[in-house]
Amino acid sequence: MSDAALRILIIGGYGTFGARLAQLLCDDERFCLLIAGRSLAKAVAFVTSLGGRAGKEPVEFDRNGDVYKQLSALRPAVTVDASGPFQTMGDSFRVPRACISLGIDYADLADSREFVHKIAALDAEARAARVFVLSGLSSFRALSFAALDRLAQDFSRIDHVSSGIAPSPHADVGPNVVQAIASYAGKPVPILRNGRSATGHGLIDWHRVTVAPPGCIPLKSRCFRLVDAPDLDLLPQRFEGLCSVFTGAATTPQILQRLLAATAQLVRLKLLSSLLTIAPLMHRASKLLATGEHRGGMFVHVSGADRGGKPLEASWHLVAEGDDGPFIPVAGLEALIRKLANGNRPADGARSADGEFPLQAFERCFKRFAIQSGTRQVGPADVDLPLYRRLLGSAWERLPRAIAATHDTSEGGHKLSGRARVERGTGLLASIIAAAVGFPKAQDDVAVSVCFTTKGRTELWTRDFGGAGFGSVQLEGNGRDAHLLAEDFGPFRILMAVVPDGAKLRFIVRGWRFFGIPLPLVLAPRGDTYEEEREGRFHFHVEVGGPLTGLIVSYAGWLEKDGV
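Last residue of the sequence shown: number 564 in the UniProt record's numbering, and the count goes up by one each step with no gaps.
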């Protein structure tokens, strides 16, 4: 570490988000990280485990103590407040005010509507001191507005905006986050609805959304319940004529969300004054009931009119796998600090962080993690697109040419022919199911043809293996099954995520129905099913089996257009 290293004070430096920021910065020797919190022992333990080439100092820091004295002793170049909860601070800006008076730049992860909205009151002081004060450099605010800016480019008018965060049930949600949620649960939340000021209720009002980046396995459909986020104030200021705004969070598993919503109703009915007193219990419950996929995500949805005045909807989606989700809220802070290290300062003054960084700045950070994002659009020109183009959205461009040509069907469809090898399961139940569906018998080399017939927004696939045929209907899922490929075999519907994977297009089972009734996913038919381009030719590999049946059928081969 050089003597000129940028000293960065991270308040809450060993907490859920402060620790992630330190991990992102610790390999850069241009920084000296001051890992701060109320417990010096915890700061020491975290610094010991951190590693990396950056300088690191554990320090004790109490935000409720003499902030000016503590900052004077540490003399950081920039202070990052990653602790919270900001909802309980109101307009008490003790840390940013002290930073301004000492000439220290400041940024935070505030998600409090009041705190972020009122930070502009410090603007004149910050300008006079020649420092910047950026509030809300987190998922709601910085990232959601960056995504919104990208989506807005195709609109002449924006009527409705909704956004939401869906954390993994296994994410290490800190007690301060839970306390922040508890502060407004069940209480009136001012919102914009039908172009007028209205009142919602925290954790009670809800929207159902499927988070599904193009070409990625979607999250399961979730209810996003209203949170009192800064976006609810700032979005109407940005888009004149906006009709409605919604920001939500989707807690999983669903039983935990229903418990929180039911408890929030007690506050709404004034049977409880607040959930703050049971916030520690809520935190323990979130850990105790942590079940389900270790995946989280985020979305921003916009509707209005395109440049030609026609109706248009567009959405941005993000999914993070495993433990990578908590890095998302600190990506903006990392971009800010690296910008400072490169000698590029934000403008002086105090303001919310919306629009401070373009979406590309966040995407550069996401590349290091199992984080996928992308956009979807629905307008007049998209209605008549082929089924797979609609499902894949922007991921369509990643398909190998042979696969894209196969699925680029127009009204009426087309026919492909080739050769295949077929295997059949030997179990009694597998044989019964195979016969009922009409799957072909086992054979090493058989002529095969597939006729794709397009009618409206559905496709009929008629397969012929040496004179023995069977068919299915493919269509786009809706409602809870949005963004999934639905394939109907008689009374059964199989729901699949369609995921590009290099030269392959994979089909991953995400659910199934019998006469519309959901069945347990663990019992769903599945197997290694994909399409592939090999030497410029379309190849297919289909496996159908299940835990109760074993292998039912497997067939693989190639196809090309008749006459090729």
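Note that CB positions come from ideal geometry on N, CA and C, so glycine has one too.
Treat the numbers as computed from the prediction; the structure is a model and nothing was measured.
Would you decide whether residue i is buried or exposed? Buried here means 16 or more other CB atoms lie within 10 Å of its CB.
i, result
"Leu416", "buried"
"Asn64", "exposed"
"Arg20", "buried"
"Arg284", "exposed"
"Val522", "exposed"
"Ile176", "Sequence inspection shows Asn at residue 176; the Ile mentioned does not correspond to that position. So Asn176 counts as buried."
"Gln70", "buried"
"Glu487", "buried"
"Met1", "Per-residue confidence for Met1 stands at a pLDDT of 49, beneath the threshold of 50, marking its modelled position as unreliable; the derived number appears in the next sentence. Met1 is exposed by the Cβ-count criterion."
"Lys187", "buried"
"Leu122", "buried"
"Ile255", "exposed"
"residue 565", "Here the chain comprises residues numbered 1 to 564, so residue 565 is not present and cannot be evaluated."
"Leu24", "buried"
Give me the Cα-Cα distance between residue i and residue j, rounded to the nearest whole angstrom.
i, j, result
"Glu531", "Leu318", "25 Å"
"Phe452", "Glu560", "13 Å"
"Pro280", "His541", "51 Å"
"Val564", "Asp481", "Note on Val564: pLDDT 47, under 50, position unreliable in the model; the coordinate value appears next. If I take the Cα positions, the gap works out to 37 Å."
"Ile517", "Gly379", "31 Å"
"Tyr184", "Leu143", "22 Å"
"Ala36", "Gly164", "30 Å"
"Ala110", "Ser138", "7 Å"
"Leu203", "Gly355", "27 Å"
"Gly471", "Asp528", "20 Å"
"Arg7", "Val59", "13 Å"
"Gly136", "Val47", "26 Å"
"Gly322", "Ile432", "39 Å"
"Gln372", "Gly502", "15 Å"
"Leu387", "Ser352", "41 Å"
"Phe507", "Cys26", "39 Å"
"Lys56", "Ala335", "19 Å"
"Gln153", "Phe362", "18 Å"
"Leu428", "Ile403", "35 Å"
"Leu289", "Arg258", "12 Å"
"Pro525", "Leu50", "45 Å"
"Gln360", "Lys339", "14 Å"
"Ile10", "Cys32", "11 Å"
"Ile552", "Arg493", "17 Å"
"His201", "Arg268", "7 Å"
"Leu276", "Ala264", "11 Å"
"Glu313", "Arg94", "42 Å"
"Tyr555", "Val437", "14 Å"
"Arg307", "Pro358", "22 Å"
By alpha-carbon positions, which one of the options ends up nearest to residue i?
i, options, result
"Val509", "Leu109, Gly545, Val211 and Ile517", "Gly545"
"Ala249", "Ala180, Leu271, Pro214 and Gly308", "Ala180"
"Arg390", "Gly456, Arg424 and Gln237", "Gly456"
"Gly349", "Leu40, Ala107, Ser72 and Gly536", "Ala107"
"Ser83", "Ala45, Phe362, Gly15 and Ala54", "Gly15"
"Thr375", "Leu460, Cys216 and Gly413", "Cys216"
"Leu385", "Glu476, Glu57, Glu423 and Leu272", "Glu476"
"Ile100", "Ser112, Arg113 and Ile119", "Ile119"
"Asp253", "Leu272, His294, Arg238 and Val133", "In the sequence under discussion, the amino acid at residue 253 is Pro, which differs from the Asp named in the question. Nearest C-alpha to Pro253: His294."
"Asp408", "Glu423, Ala126, Glu459 and Ala435", "Glu459"
"Gly296", "Gly469, Ala212 and Phe465", "Ala212"
"Ala128", "Arg150, Ala41, Leu102 and Met298", "Leu102"
"Glu240", "Phe327, Ser286, Gln265 and Arg196", "Arg196"
"Thr251", "Leu232, Cys223, Arg53 and Ala420", "Cys223"
Suppose contacts are defined by Cβ-Cβ distances below 8 Å. Is residue i in contact with residue j by that definition?
i, j, result
"Phe115", "Phe155", "no"
"Gly325", "Ala147", "no"
"Trp206", "Leu226", "yes"
"Ala5", "Arg38", "no"
"Ala320", "Pro311", "no"
"Ala229", "Thr247", "yes"
"Val173", "Pro167", "yes"
"Val330", "Phe17", "yes"
"Arg463", "Ala442", "no"
"Gly466", "Val446", "yes"
"Ala497", "Leu505", "no"
"Trp316", "Phe299", "yes"
Any beta strand (DSSP E) of 3 or more consecutive residues that is wholly inside the segment 173-214 | 188-193, 196-201 and 206-209
Starting from the N-terminal side, write out each stretch of the beta strand (DSSP E) that is 3 residues or longer and does not extend beyond the segment 356-385.
-> 371-378
Any chance you could list the beta strand (DSSP E) runs of at least 3 consecutive residues sitting entirely within the segment 424-473, in chain order?
-> 443-455 and 458-465
Which residue spans inside the segment 284-348 form an unbroken alpha helix (DSSP H) run of at least 4?
-> 331-341
Please go through the segment 219-283 and give each complete beta strand (DSSP E) segment of 3 or more residues, from N-terminal end onward.
-> 222-226 and 244-249
Would you list, in sequence order, the uninterrupted beta strand (DSSP E) runs of no fewer than 3 residues that lie entirely inside the UniProt domain "Saccharopine dehydrogenase NADP binding" (8-132)?
-> 31-37, 55-60, 78-81 and 105-108
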